[in-house]
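Only one structure is covered here, and it is reproduced in the block below.
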Amino acid sequence: MTKKERYRFVIDYFSTHLPDAETELIYDNPFQLLVSVILSAQCTDKRVNLTTPAIFEQFPDAAAMSNAEFEDLFPLVKSISYPNNKTKHLLGMARMLEERYNGQVPMTIDELVQLPGVGRKTANVITSVIDAQPNMAVDTHVFRVSARIGLTTAARTVLEAEKQLVKAIPKELIHKAHHWLILHGRYVCVARTPKCSICGLRVACKFYNNNKTG
């Protein structure tokens with residue numbers, strides 16, 4: 016199977032079996048999604064979703080959070096990984112949104128990565144989820160799954176993987192493919208013992224075909 020055929024198989028499979036894939040983070044607006052994505056670094060979406068309702072109730076927008084002190088926000092964040100840094104990032108992010116963007120979340124990668132706590136991956140998530148921009152956020156799941164299947168080849172960094180995926184996936188599907196690969200990695204192609212026996216991508220998967228017996 017050529018790489019082009021492999022991409023076609025994977026895209027057709029997910030288009031049929033997971034057509035409405037979306038983030039599992041719970042949010043009502045771009046600001047809430049940005050808060051959630053910042054909190055989700057090295058933390059599960061499930062834990063984030065348990066934590067954010069209290070945060071959003073007290074700090075529903077950038078204006079409210081920008082006026083908070085560390086001591087106000089930290090107790091609501093402390094159950095998340097790296098709570099000190101993430102509390103500082105959220106406060107700095109909210110203040111910059113107020114100062115530069117009238118409290119609104121900007122929708123370009125260049126603007127977003129200037130915000131505290133926002134790297135390229137987070138910026139890609141925000142722009143693809145909110146605005147359906149053709150940006151591919153590569154987290155540990157996307158990196159692992161795309162390499163195992165054979166969608167990426169010898170990608171040493173997440174940026175290399177991102178470039179390979181964006182080049183090969185149709186532009187209009189990139190924002191959705193991000194969720195396809197994340198969810199597949201979260202529930203099927205898990206890190207330690209991938210569930211190959213229930214995986215519909217086995218025919219196209221390099222990992223499976225290189226490791227199957229019999």
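Using my numbering, the first residue of the sequence shown is number 16, and each one after it goes up by one.
Think of the CB as a built atom: it goes at the ideal place given N, C-alpha and C, for glycine as much as any other residue.
These figures come from a predicted structure and were not determined experimentally.
Beta-carbon gap between residue i and residue j smaller than 8 Å
i: residue 50; j: residue 70; result: yes
i: residue 165; j: residue 221; result: yes
i: residue 81; j: residue 115; result: no
i: residue 95; j: residue 63; result: yes
i: residue 160; j: residue 211; result: no
i: residue 16; j: residue 219; result: yes
i: residue 98; j: residue 89; result: yes
Cβ-Cβ separation, residue j to residue i (assumed contact under 8 Å), whole Å
i: residue 133; j: residue 151; result: At roughly 16 Å, the Cβ-Cβ gap does not stay under 8 Å, so residue 133 and residue 151 are not in contact.
i: residue 148; j: residue 190; result: 7 Å
i: residue 106; j: residue 83; result: 6 Å
i: residue 54; j: residue 101; result: 6 Å
i: residue 201; j: residue 156; result: 6 Å
Cβ-based neighbour list, residue i, same chain, cut-off 7 Å, excluding 5 preceding and 5 following
i: residue 216; result: 25, 28, 164
i: residue 229; result: Residue placement at residue 229 is flagged as unreliable, the pLDDT there being 48, under the threshold of 50; the coordinate-derived value follows with that caveat. Nothing meets the Cβ criterion.
i: residue 38; result: 144, 194
i: residue 146; result: 122
i: residue 186; result: 149
i: residue 170; result: 162, 176, 179
i: residue 120; result: 45, 46, 49, 112, 141
Neighbourhood of residue i by C-beta, 6 Å cutoff - its chain only, sequence neighbours within 5 removed
i: residue 158; result: 173, 176
i: residue 77; result: 46, 109, 112, 113, 118
i: residue 60; result: 39, 40
i: residue 199; result: 160
i: residue 131; result: 104, 107, 108
i: residue 57; result: 96
Cβ-based burial, residue i [other Cβ within 10 Å; buried from 16]
i: residue 74; result: buried
i: residue 213; result: exposed
i: residue 179; result: buried
i: residue 21; result: buried
i: residue 192; result: buried
i: residue 224; result: exposed
i: residue 209; result: buried
i: residue 67; result: buried
i: residue 92; result: buried
i: residue 140; result: buried
i: residue 196; result: buried
i: residue 65; result: exposed
i: residue 31; result: exposed
i: residue 168; result: exposed
Close-in-space but distant-in-sequence residues of the same chain around residue i (CB under 8 Å, 5 per side omitted)
i: residue 136; result: 152, 153, 154, 173
i: residue 124; result: 135, 138, 139, 142, 150
Chain C contact for residue i (CB, 8 Å cutoff)
i: residue 147; result: Here chain C cannot be found, since the structure has a single protein chain.
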